[in-house]
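Here the structure comes first, spelled out in structure tokens, and everything after it is commentary.
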Amino acid sequence: MRSTPFPNTKEHQEAALMIFEVPWKGMIREGQLKGAVSFLNRLGHGLDEEDFDTVLLSLRTMYDDTVLETLWDTWAAAFTAADFLHEEYRNDDSMKMMRRIRHGAVSKRHQIMGQNASNGQWSNAYLVLNQLQRYYELEKHRERKKRRNFHHLEAKHFERTKKLNDDLAEVLHATLNLAV
102 MRSTPFPNTK
112 EHQEAALMIF
122 EVPWKGMIRE
132 GQLKGAVSFL
142 NRLGHGLDEE
152 DFDTVLLSLR
162 TMYDDTVLET
172 LWDTWAAAFT
182 AADFLHEEYR
192 NDDSMKMMRR
202 IRHGAVSKRH
212 QIMGQNASNG
222 QWSNAYLVLN
232 QLQRYYELEK
242 HRERKKRRNF
252 HHLEAKHFER
262 TKKLNDDLAE
272 VLHATLNLAV
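Numbering-wise (the working numbering), the sequence shown opens with residue 102 and increments by one.
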């Protein structure tokens, strides 16, 4: 039994996905990340499994090309979507999506961090900066593990660790500037 005004995706797929995408993007743009996740959870409880899977596929597809963007809300939406999909499915595919989005954000970090954040964008900016911090902290952890196993490459690991520390410091500095 359907408890949401969401049209049947089998009969009206385009309309159904628009009804999903418009509120989702609006909540993200306003920095209401928890509201966006709650919206997905309500859809998950109100739709049958096949219709909800169609919504989640749409969610995933929306952020496949995120690496072309530099806006806070686009990256925040991509991270929020990937996190939700990973919580929902906990599979390799959702983990790869998160890694791909993090790598994309890292490659665009100067353009992303160079933007101002309006009042509504603060939560989006903090989320993106937090994800960048997590990326660099994970990379530093991986580098420490490699260093233990490959002592003969210590100079290379030192250089890589220094670069990771510098990049992390840059992200932390951007986070502090945003807070001020």
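No residue lacks a Cβ here, since even glycine has one placed at the ideal position from N, Cα and C.
Please read all numbers here as calculations on a predicted model, not as lab measurements.
Can you tell me the Cα-Cα spacing of residue i and residue j, whole angstroms?
i	j	result
Arg203	Ile120	28 Å
Ala226	His274	13 Å
Gln114	Glu260	51 Å
Asp268	Tyr237	7 Å
Arg245	Lys257	12 Å
Arg243	Thr167	25 Å
Glu150	Leu158	12 Å
Ser195	Val281	35 Å
Ser104	Phe185	In this predicted model, Ser104 has a pLDDT of only 48, less than 50, meaning its place in the structure is not dependable; the value taken from the coordinates is given anyway. About 21 Å.
Arg122	Arg201	Inspection of the sequence shows that residue 122 is occupied by Glu rather than by Arg. Taking the straight line from one Cα to the other gives about 22 Å.
Leu148	Glu189	15 Å
Counting only the same chain and skipping the five closest in sequence on each side, list residues whose C-beta sits under 7 Å from that of residue i.
i	result
Gln232	Phe180, Arg203 and Ala206
Gln222	Gly132, Trp173 and Asp174
Ala137	Trp125, Met128, Ile129 and Thr181
Is the distance from the Cβ of residue i to the Cβ of residue j below 8 Å?
i	j	result
Ala182	Met163	yes
Glu240	Arg248	no
His58	Met199	Within the shown structure, residues of the chain are numbered from 102 to 281, placing residue 58 beyond reach of any answer.
Gln216	Thr171	yes
Please list, in chain order, all residues of the same chain as residue i whose beta carbon is under 8 Å from its beta carbon, the five residues on each side excluded.
i	result
Leu230	Met214, Val272, Ala275, Thr276 and Leu279
Leu134	Met128, Ala177, Thr181, Ser224, Asn225 and Leu228
Met102	Low local confidence applies: a pLDDT of 41 at Met102 is under 50, so the model's placement there is unreliable, and no value is given.
Phe140	Pro124, Trp125 and Met128
Ala218	Trp173, Asn225, Ala226 and Leu279
Gln234	Leu269, Val272, Leu273 and Thr276
Leu265	Tyr237, Glu240, Lys241 and Glu244
In terms of residue numbering, what span does the alpha helix (DSSP H) encompassing residue i cover?
i	result
Gln114	Gln114 to Arg130
Gly145	Leu134 to Gly147
Glu271	Glu255 to Ala280
Tyr164	Per DSSP, Tyr164 belongs to no alpha helix (DSSP H) and is neither H nor E.
Gln234	Trp223 to Asn250
Arg191	First-last for Arg191: undefined, no H or E at that position.
Gln212	Arg210 to Met214
My understanding is that residue i touches residue j, with C-beta atoms under 8 Å, so please give their C-beta distance in whole angstroms.
i	j	result
Val156	Leu169	Their Cβ separation, rounded to whole angstroms, is 23 Å, which puts Val156 and Leu169 out of contact at 8 Å.
Arg130	Asp174	5 Å
Using C-beta distances below 6 Å, list every residue in its chain close to residue i, excluding the 5 sequence neighbours before and after it, in chain order.
i	result
Leu160	Ala182
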